[in-house]
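Colleague:
Protein chains: 2
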Amino acid sequence: MNAYNPQDKVLLAVDCIIFGFDNEDLKVLFVKRDFEPEKGNWSLIGGFLKKEETLNDAANRILHNLTGVNDIYMEQFYTWSNIDRDPVERTISTSYYAIINIQEYNEKLTEHHNAKWFSLTEAPHLIFDHNEMLAKATRRLRRRTSISPIGFGLLPEKFTMRQLQKLYESILDKKLDKRNFVNKIKSMDILIKLNEKDMTSSTKGSYLYIFDQEKYDAKQTNDFYLKL
Amino acid sequence: MNAYNPQDKVLLAVDCIIFGFDNEDLKVLFVKRDFEPEKGNWSLIGGFLKKEETLNDAANRILHNLTGVNDIYMEQFYTWSNIDRDPVERTISTSYYAIINIQEYNEKLTEHHNAKWFSLTEAPHLIFDHNEMLAKATRRLRRRTSISPIGFGLLPEKFTMRQLQKLYESILDKKLDKRNFVNKIKSMDILIKLNEKDMTSSTKGSYLYIFDQEKYDAKQTNDFYLKL
DNA sequence: ACAAAAGTGTTAGAACTACACCCATGC
DNA sequence: GCATGGGTGTAGTTCTAACACTTTTGT
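Protein chains in written order, with full-length UniProt numbering: chain B, 1 to 228; chain W, 1 to 228.
Next comes the structure, spelled out in structure tokens:
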């Protein structure tokens, strides 16, 4: 009964939900699938697990091949196993979500692979159970950003308070009060205010900040806990 | 490159962390493994995914075979894929944690299978990466009990405030103030106080409560959020 | 009468929410 | 000079945390 039975072997896939932020909206990256079945339809970025790699390795490989990006925040969040989720063959899929700075991704590679950014609110119909994956990833991202500062990974290195607020607004999908937001962020004391302004968004210009990783680490606590 | 390649098929296992509560301590159920490798060593309850079932089905089947229990709270939380995690053969394992009322589990079945409850704090060395699984499951359980009332699944139907407090104390691994705890629970308004006392724990006796599922559902909100 | 656990409220401090005006600059 | 987005503080309310004594009853 408890036996290593080769009959029960299955194919394992990895699918990645890639979140980006363009100062307006939370975005997600999809590709036009280039093989059957469902060739030509929108899909998450995915691929099969190879014999000699871990799921994390596979997720990084797949993401790297598509975008050229390395060393970004990635988290595994669920494994999907409905019998008929893939009509060709029994395939189990483990999904990851990743957070990338949209300015850094390699535009050529994504275009070459028929990839396209969509607003989260305008996601198209996706193949298989990928819409479900997206929904779960979004919920997880929401919860995660409340307890960990991973959100900063979506921003350029230097950013304004306004960008940060828009980012949180688009992740949480609600409007926040400007003053309360700034007060709360400042009270956390994990940002460094630069003597430098971003002049692109207004005539007055707005101060740029950078995330202070050292200060954050020094707090060595998991209670970032940004309740918004 | 993106191909259905039979070479890459792997075995998929399911391992379950089963939490119970005996009015003193949070407990976890382990079994003595009865096949090679590592035969005779402590292990999580687990088994292999069969061709025609989902991971959820497999987890329920495995748990049912061992304990006779059905329809309990179970949640998938991570899939483990280190190349050498199982020395015999490449095996990926998806882990679940389950929450059961320790009084209801079928004692004969567990004894027959060499299963044994351990205090969470006294867990033995487990095979493969099972100690890691346990640690992750414990963290997940902690977070989950803060935002959802699944903890009640660990208690008998009727329970005292003191039992409930001890349960939360052992899940969160910290002492709580009796008065603050009662006030907070009462303010949630999801318990029904019975006109019945439990006389086993003191001469005075303490009131019994039951969880009011209807009231909880009626609040139809996810903000249970018990900050302790 | 005493031991053992149950039950019960108040208060000070912290955190959260709501809210409105002036500033700097490019046009 | 005016339109645009940037920046800032306070007061009322709610939530949290700390804290000690009385009740009941079996022995």
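Here a beta-carbon is modelled for each residue, glycine too, at the ideal position from N, C-alpha and C.
Which term fits residue 65 of chain W, buried or exposed, when burial requires 16 or more other beta carbons within 10 angstroms of its beta carbon?
Modeller: For the purposes of this step, residue 65 of chain W is taken as the residue at position 65 of the second sequence. Its Cβ having fewer than 16 others within 10 Å, residue 65 of chain W is exposed.
Colleague: Where residue 211 of chain W and residue 45 of chain W are concerned, what is the direct C-alpha to C-alpha distance, given to the nearest angstrom?
Modeller: Counting from one through the second sequence, the residue named residue 211 of chain W turns up at place 211. Counting from one through the second sequence, the residue named residue 45 of chain W turns up at place 45. Each residue's Cα considered, the two are about 29 angstroms apart.
Colleague: Which chain B residues are close to residue 49 of chain W, counting only those with a beta carbon under 9 angstroms from its beta carbon?
Modeller: As a first step, residue 49 of chain W must be located in the second sequence, where it is residue number 49. Going along chain B in sequence order, the residues near residue 49 of chain W (Cβ under 9 angstroms) are 8, 10, 81, 92.
Colleague: Counting only runs that start and end within the UniProt domain "Nudix hydrolase" (9-140) of chain W, where is the beta strand (DSSP E) found for 3 or more residues in a row?
Modeller: Complete beta strand (DSSP E) runs here, min 3: 11-21, 26-32, 45-48, 73-80, 91-99, 115-119.
Colleague: Cutting at 6 angstroms between CB atoms, please list the residues of its own chain near residue 146 of chain W, excluding the five before and the five after it.
Modeller: Translated into positions along the second sequence, residue 146 of chain W becomes position 146. The answer, listed in chain order, is 226.
Colleague: So, is residue 202 of chain W buried or exposed, given that buried needs 16 or more other C-beta atoms within 10 angstroms?
Modeller: In the second sequence, residue 202 of chain W corresponds to position 202, counting from 1. Around the C-beta of residue 202 of chain W, fewer than 16 other C-beta atoms lie within 10 Å, and the residue is accordingly described as exposed.
Colleague: Closer than 8 angstroms, Cβ to any Cβ of chain W: which residues of the stretch 60-89 of chain B, in chain order?
Modeller: 76, 78, 79, 81, 82, 83, 88, 89
Colleague: Interface residues of chain B around residue 55 of chain W at Cβ under 9 angstroms?
Modeller: Your numbering for residue 55 of chain W matches position 55 in the second sequence. Near residue 55 of chain W (Cβ distances below 9 angstroms), the residues of chain B are 79, 80, 81, 92.
Colleague: Compare the C-beta of residue 262 of chain W against all C-beta atoms of chain B and say whether one is closer than 8 angstroms.
Modeller: Residue numbering for chain W in the displayed model covers 1 to 228; residue 262 of chain W lies beyond these limits and cannot be assessed.
Colleague: How about the stretch 86-96 of chain W and the stretch 155-168 of chain W: do they share at least three Cβ pairs that are nearer than 8 angstroms?
Modeller: no
Colleague: Give me the Cα-Cα distance between residue 187 of chain W and residue 102 of chain B, rounded to the nearest whole angstrom.
Modeller: As a working mapping, residue 187 of chain W is identified with position 187 in the second sequence. As a working mapping, residue 102 of chain B is identified with position 102 in the first sequence. Each residue's alpha carbon lies about 45 angstroms from the other.
Colleague: CB of residue 171 of chain B to nearest heavy atom of the ligand FAD: below 7 angstroms?
Modeller: Within the structure as shown, the ligand FAD is missing, as the structure has no ligands at all.
Colleague: Give a yes or no on whether 8 angstroms exceeds the smallest Cβ distance from residue 4 of chain W to chain B.
Modeller: Working through the second sequence from its first residue, we reach residue 4 of chain W at position 4. The beta carbon of residue 4 of chain W falls within 8 angstroms of a beta carbon belonging to chain B, placing the residue at that interface.
Colleague: From this set, W/190, W/149, W/157, W/6, which residue's C-alpha is nearest residue 198 of chain W's C-alpha?
Modeller: Residue numbering aside, residue 198 of chain W sits at position 198 when the second sequence is read from its first letter. Answer by Cα proximity: W/157.
Colleague: Tell me where the alpha helix (DSSP H) around residue 214 of chain B begins and ends.
Modeller: Locating residue 214 of chain B in the first sequence gives position 214, where the first residue counts as 1. Taken as a continuous stretch (DSSP letters only), the alpha helix (DSSP H) holding residue 214 of chain B covers 213-219.
Colleague: For residue 70 of chain W and residue 48 of chain W, I'd like the C-alpha separation in whole angstroms.
Modeller: The residue labelled residue 70 of chain W in the question sits at position 70 within the second sequence. The residue labelled residue 48 of chain W in the question sits at position 48 within the second sequence. Approximately 19 angstroms, taken between the alpha carbons.
Colleague: If the criterion is Cβ atoms closer than 8 angstroms, does the pair residue 75 of chain W and residue 97 of chain W meet it?
Modeller: Numbered from 1 along the second sequence, position 75 holds the residue referred to as residue 75 of chain W. Numbered from 1 along the second sequence, position 97 holds the residue referred to as residue 97 of chain W. It is a contact, given that the beta carbons lie within the stated cut-off.
Colleague: Indicate the three-state DSSP secondary structure (helix, strand or coil) for residue 176 of chain B in the structure shown.
Modeller: Residue 176 of chain B sits at position 176 when you count from the first residue of the first sequence. Looking at residue 176 of chain B - three-state DSSP - the assignment turns out to be coil, as it is neither helix nor strand.
Colleague: On a Cα-Cα basis, can you pick out the residue from B/33, B/206, B/140 that is closest to residue 110 of chain B?
Modeller: Taking the first sequence and counting its residues from 1, the one referred to as residue 110 of chain B is at position 110. The option with the nearest alpha carbon to residue 110 of chain B is B/33.
Colleague: Identify the continuous beta strand (DSSP E) that holds residue 196 of chain B and give its terminal residues.
Modeller: To locate residue 196 of chain B, count along the first sequence from 1; it is residue 196. Segment 191-198, the beta strand (DSSP E) holding residue 196 of chain B.
Colleague: Taking 8 angstroms as the cut-off, does the stretch 13-30 of chain W touch the stretch 111-118 of chain W (at least 3 CB pairs, one atom from each stretch)?
Modeller: yes
Colleague: Rounded to whole angstroms, what's the CA-CA distance from residue 164 of chain W to residue 52 of chain W? Just pull it up for me.
Modeller: Here residue 164 of chain W is taken as the residue at index 164 of the second sequence, counted from 1. Here residue 52 of chain W is taken as the residue at index 52 of the second sequence, counted from 1. Taking the straight line from one Cα to the other gives about 40 angstroms.
Colleague: Across the stretch 8-26 of chain W and the stretch 174-181 of chain B, are there enough close Cβ pairs to call them in contact, namely three or more that are closer than 8 angstroms?
Modeller: no
Colleague: Is the beta carbon of residue 100 of chain W sitting closer than 8 angstroms to the one on residue 18 of chain W?
Modeller: For the purposes of this step, residue 100 of chain W is taken as residue 100 along the second sequence, with counting starting at 1. For the purposes of this step, residue 18 of chain W is taken as residue 18 along the second sequence, with counting starting at 1. Going by C-beta atoms, residue 100 of chain W is nearer than 8 angstroms to residue 18 of chain W.
Colleague: I think residue 92 of chain B touches residue 81 of chain B, with their Cβ atoms under 8 angstroms apart; what is that distance to the nearest whole Å?
Modeller: Your numbering for residue 92 of chain B matches position 92 in the first sequence. Your numbering for residue 81 of chain B matches position 81 in the first sequence. At roughly 5 angstroms, the Cβ-Cβ gap stays under 8 angstroms, so residue 92 of chain B and residue 81 of chain B are in contact.
Colleague: My output table needs one value for residue 4 of chain W: the three-state DSSP class, helix, strand or coil.
Modeller: By one-based count along the second sequence, residue 4 of chain W stands at place 4. The three-state secondary structure of residue 4 of chain W, taken from DSSP, is coil.
Colleague: Under 8 angstroms, do residue 207 of chain B and residue 219 of chain B count as touching if we go by C-beta distance?
Modeller: Reading the first sequence from its first residue, position 207 is the one you call residue 207 of chain B. Reading the first sequence from its first residue, position 219 is the one you call residue 219 of chain B. No, Cβ-Cβ distance for residue 207 of chain B and residue 219 of chain B is not below 8 angstroms.
Colleague: Who are the Cβ neighbours of residue 59 of chain B in its own chain at under 7 angstroms, not counting the five residues just before and after it?
Modeller: In the first sequence, the residue the question calls residue 59 of chain B occupies position 59. A distance below 7 angstroms between beta-carbons, with the five flanking residues on each side excluded, links residue 59 of chain B to the following residues of its chain, in chain order: 14, 16, 74, 96.
Colleague: Who pairs with residue 282 of chain W in a beta bridge, going by DSSP?
Modeller: Because chain W in this structure spans residues 1 to 228, residue 282 of chain W falls outside the shown range and cannot be described.
Colleague: In this structure, does DSSP put residue 186 of chain B in helix, strand or coil?
Modeller: Within the first sequence, residue 186 of chain B is the residue found at index 186, counting from 1. In the structure shown, residue 186 of chain B sits in a helix (DSSP, three-state: H, G or I).
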